Amino acid sequence: MRLEVPRGQFPAAPGFVVIDKPAGCTSHDVVSAVRRLACTRKVGHAGTLDPDATGVLLVAVGAATKLLKYFSGADKEYEATVRFGVTTSTEDASGEIVSQRGARLRIEQISQVLPKFTGNIMQVPSAVSALKVGGRRAYQLVREGREVSLAARPVTITELELTSAVTVIEGPVPVSEVSLRLSCSSGTYVRALARDLGEELGCGAHLRKLRRTRVGSFTQSQALTLPEALTDGKLPTVDMLTVASKLYPSLTLSDEQVADVRCGRRLHLDSGSEGTWALGDGANNLVAMATLTSQGSGWRLQPRTVFPKEGLDG
């Protein structure tokens, strides 16, 4: 689906933009639109949203695409509507109906099962996912009518709460709908959560609606819709150091250290904490992402991903 957006008049600076993805398009459709807005083909996103889902899609422009791999562990927040009493082939509203057991649920019944799905749990991913099975995407196999069996994986749901009363929709088969808010680790499938809630209550369920409200520290309040994304003909971006510093501890380097890091040389520090660090220069430019490890009585800082100088779209 081609999203109609104007072409930017000026190239966007390397960095990130938070887009409010509309329903009915893929995450790749949004990337294609941002390429036009940013006047560059070097664009990527940090975490796919299904076509029917809306909300926060964090998009990287230019050299910032090299930072995307560091977002793999960013937690996320969602608002979801679950319909109980009906299951579908895709575990969401886009699929064909598989069963109609019906459900007239009370809010207390749903509240009682939520703790079972909070904290560190094992979740079987949705069969309609991009996970690979024998070298092919699971959703491709499902579309071909093949059975897909995926192993349960550990995920963390830190918050799971009801945000609405239960709505019972009468009909030949009565169903119940409720809205939820959840915060979860990367890799959590909300449609799988809806499926499992339905099974726990013995009536089946599917995900009716989904909106992502946060990725890491980026929230829907910061998100731009595609039609309003340009400012004076240019796509505004959040600089790479600001973004990286929200995910990892940061260190400002001297000019001499910057030169060493740009050549891939490791630095030796007197103190620190192990893990990934964002390295910046005195002008607030991201120089590199590096790994800090202890070495004897000191610390070794090894550059892992080095970024071009300000103004270069490397």
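Residue 814 in this note's numbering sits at position 11 of the sequence shown, with consecutive numbering throughout.
We put the CB at the ideal spot given by N, CA and C, even for glycine.
Keep in mind that this is a model prediction, so the values were computed, not measured.
key: Contact under 8 Å by Cβ, Pro809 with Ala841   = Here residue 809 is taken as the residue at index 6 of the sequence shown, counted from 1. Here residue 841 is taken as the residue at index 38 of the sequence shown, counted from 1. Cβ atoms of Pro809 and Ala841: not closer than 8 Å.
query = What residues in its chain sit with their C-beta under 7 Å from that of Thr991, if we drop five residues either side in the sequence?
reply = Counting from one through the sequence shown, the residue named residue 991 turns up at place 188. So the qualifying residues of the chain are Gln926, Val958, Ile960.
task = Give a yes or no on contact between the stretch 873 to 883 and the stretch 897 to 907, applying the rule of three or more CB pairs nearer than 8 Å.
result = Counting C-beta pairs closer than 8 Å gives fewer than three between the stretch 873 to 883 and the stretch 897 to 907, which falls short of the contact rule.
task = State the DSSP-derived secondary structure class of Val916, mapped to helix, strand or coil.
result = Working through the sequence shown from its first residue, we reach residue 916 at position 113. The three-state reading of DSSP puts Val916 in helix, counting H, G and I together.
ask   = With respect to the beta strand (DSSP E) encompassing Leu1072, which residues constitute its N-terminal and C-terminal limits?
value = If you number the sequence shown from 1, residue 1072 lands on position 269. That run of the beta strand (DSSP E) goes 1070 to 1072.
key: Assigned secondary structure, Met804 (DSSP; H/G/I helix, E/B strand, else coil)   = For the purposes of this step, residue 804 is identified with residue 1 of the sequence shown, where counting begins at 1. Secondary structure at Met804: coil, using DSSP grouped into helix, strand and coil.
key: Option nearest Leu861 by Cα separation, candidates Val885, Val889, His831   = For this step, residue 861 is matched to residue 58 along the sequence shown. Leu861 has its Cα closest to that of His831, out of Val885, Val889, His831.
key: Where the beta strand (DSSP E) containing Tyr942 begins and where it ends   = In the sequence shown, counting from the first residue as 1, residue 942 sits at position 139. Element bounds for Tyr942: not the beta strand (DSSP E) but the alpha helix (DSSP H), 941 to 946.
Closest residue to Asp1073 among Met1092, Thr1055, Trp1080, Leu1104 (Cα-Cα distance) = Residue 1073 sits at position 270 when you count from the first residue of the sequence shown. That would be Leu1104, whose Cα lies nearest to the Cα of Asp1073.
task = Please check the pair Asp895 and His1009, which I expect to be a contact at CB under 8 Å, by giving their CB distance rounded to whole angstroms.
result = In the sequence shown, the residue the question calls residue 895 occupies position 92. In the sequence shown, the residue the question calls residue 1009 occupies position 206. Their Cβ separation, rounded to whole angstroms, is 6 Å, which keeps Asp895 and His1009 in contact under 8 Å.
inquiry  = Whole angstroms are fine: how far does the CA of Glu962 sit from the CA of Arg1014?
reply    = For the purposes of this step, residue 1014 is taken as the residue at position 211 of the sequence shown. For the purposes of this step, residue 962 is taken as the residue at position 159 of the sequence shown. If you take the alpha carbons of Arg1014 and Glu962, they lie about 16 Å apart.
ask   = Run through DSSP, which three-state label would Thr891 get?
value = As a working note, residue 891 is residue 88 in the sequence shown. Residue state, collapsed to three classes: strand.
task = Go to Ala1047, then tell me how far its alpha helix (DSSP H) extends in each direction, as first and last residue.
result = By one-based count along the sequence shown, residue 1047 stands at place 244. For Ala1047, the enclosing alpha helix (DSSP H) stretches over residues 1043 to 1050.
query = If we count the other Cβ atoms within 10 Å of its Cβ and call it buried at 16 or more, is Leu1115 buried or exposed?
reply = As a first step, residue 1115 must be located in the sequence shown, where it is residue number 312. Low confidence applies to Leu1115: its pLDDT is 46, below 50, so where it sits in the model is not reliable, and the reading given next is rough at best. Of the residues assessed, Leu1115 falls on the exposed side of the cut-off, its CB having fewer than 16 other CB atoms within 10 angstroms.
ask   = In angstroms, rounded to a whole number, what distance separates the CA positions of Ala826 and Ala1026?
value = Stepping through the sequence shown from its first residue, residue 826 is reached at position 23. Stepping through the sequence shown from its first residue, residue 1026 is reached at position 223. Pairing Ala826 with Ala1026, the inter-Cα distance amounts to about 15 Å.
ask   = Smallest Cα separation from Gly850: which of Gly858, Leu1044, Arg844?
value = Here residue 850 refers to the residue found at position 47 when the sequence shown is read from its first residue. Of all alpha-carbon atoms in Gly858, Leu1044, Arg844, the one lying nearest the alpha-carbon of Gly850 is that of Gly858.
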